[in-house]
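If you want our numbering, it's the position in the sequence shown, counting the first as 1, plus 522. Beta carbons are placed, not taken as given, at the ideal position from N, Cα and C, and that holds for glycine.
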Amino acid sequence: MVRLDAGRVLTWLPYCGLFTSLFITPSSDDLIGLLRFFGLVFLVAALVIAMGLLLQRRGASIARGLYARGVGPYAALVLVIVVVTSLFVR
């Protein structure tokens, strides 16, 4: 059984920051905006940790099935967005 330690948690923090910055622009002009951004980063990190612990309890077969059903349509959606965006830019 893989144990959860601080080193593993800290490696996910940059990914959570990247995910948050895709939806909310980090504001470095004021302290409140900066605290809001880092608060959301830690909230996303807490959700990722909770989902990881849930997967550890329920098993990886659930995640494997979700990936098999979800990755294809999501990749197609991203491809459509890229094509439509590139057509609008021209």
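| Check | Outcome |
| --- | --- |
| Inter-stretch contact (C-beta, 8 Å, three-pair minimum) for the segment 525-535 and the segment 549-560 | no |
| For Leu535, the nearest candidate out of Ser550, Ser608, Leu569 and Leu553 (CA to CA) | Leu569 |
| Span separating the alpha-carbon of Phe564 from that of Cys538 | 8 Å |
| Neighbour-count burial assignment, Val602, 16 or more Cβ in a 10 Å radius | exposed |
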